[in-house]
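One point on numbering: in UniProt numbering, the residue at position 24 of the sequence shown is 24, and numbering is uninterrupted. Here the structure is laid out as structure tokens; the discussion comes afterwards.
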Amino acid sequence: MSPRVLPFVSRSPPPPELSDEALLAACCVGDRGALAVLFQRHHLQVHRFCRRMVGSASDVEDLVQTTFLVAWTDAGRFRGNASVRAWLLGVAANLIRHEHRTKRNERGALERLHWKPRTVAAGVDEQVARRELLERLGGALERLPHELREAFVLCEIEEVPGTEAARILSLRPGTLWRRLHDARKRLLPLISGEEP
1 MSPRVLPFVS RSPPPPELSD EALLAACCVG DRGALAVLFQ RHHLQVHRFC
51 RRMVGSASDV EDLVQTTFLV AWTDAGRFRG NASVRAWLLG VAANLIRHEH
101 RTKRNERGAL ERLHWKPRTV AAGVDEQVAR RELLERLGGA LERLPHELRE
151 AFVLCEIEEV PGTEAARILS LRPGTLWRRL HDARKRLLPL ISGEEP
């Protein structure tokens, strides 16, 4: 008589899913699994935000990785004033601002030396044809000043509520709404094709 194999059945309920806040607290004590779960839950939104804020695909990947590295090392700084998602987007926004300032400073130094870098051809993934409206929006977003672009991307594309977006960007709500208004006002003619 052959032994009968029974499938494993657990009589206890599965462990409850940990909240983002609990996972971030676990990161504080070195739980890499908690960071992996946070990454799994939020990396796509952080990636979308970074992709819309910077052009280079490799820069986007670096920013996403750095965002979660900062989350790992600075988890203890999370105060709980906003959601973990908002905190992660704030980390990404700060990294983008820092990178933007660094590149601006480098460009200024190169211009003072009267040196212009050669342009590099766009990557294959950037050459893929996109729908007309998305192309216009992408081009129009690039033409916006950084401060207006980050407000628009967070509120309109990532659909982050205004008060949360203001916290992410360390702005007063009125300043955020003004930037959002200015961004919409500038984008409309660019998207509709009224402005070259």
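From the three backbone atoms N, C-alpha and C, an ideal C-beta is built for every residue, glycine too. All figures in this text were calculated on a predicted structure; none of them were measured in a lab.
- What separation, rounded to the nearest whole angstrom, lies between the Cα atoms of Gly76 and Leu69? 13 Å
Once DSSP output is grouped into helix, strand and coil, what is the label at Arg79? coil
**Report entry** residue 198: first and last residue of the uninterrupted alpha helix (DSSP H) it sits in
**Finding:** No answer is possible for residue 198: it lies beyond the span of the chain, which begins at 1 and ends at 196.
Worksheet item: Whose C-beta lies closer than 6 Å to the C-beta of Glu135 among residues of the same chain, with five residues either side of it excluded?
Response: none
Three-pair Cβ contact test at 8 Å for the region 88-100 versus the region 48-59: yes
| When the Cα of Phe78 is compared with those of Gln65, Leu188 and Cys27, which residue comes out closest? | Cys27
> Cα separation between Gly55 and Leu38?
Replying inline: 25 Å
Return the CA-CA distance between Trp87 and Arg172, expressed in angstroms with no decimal places.
-> 16 Å
- Any idea what DSSP makes of Val60, helix, strand or coil? helix
(Q) Taking 8 Å as the threshold (C-beta atoms), are Ala183 and Leu154 in contact? (A) no
Worksheet item: Quick one, are the C-beta atoms of Arg85 and Gln45 less than 8 Å apart?
Response: yes
Measuring straight from C-alpha to C-alpha, what distance separates Val91 and His42? 13 Å
- Query: Just how far apart, CA to CA, sit Met53 and Glu150?
  - Reply: 7 Å
| said: To the nearest angstrom, how far is the alpha carbon of Thr67 from that of Leu190? | reply: 31 Å
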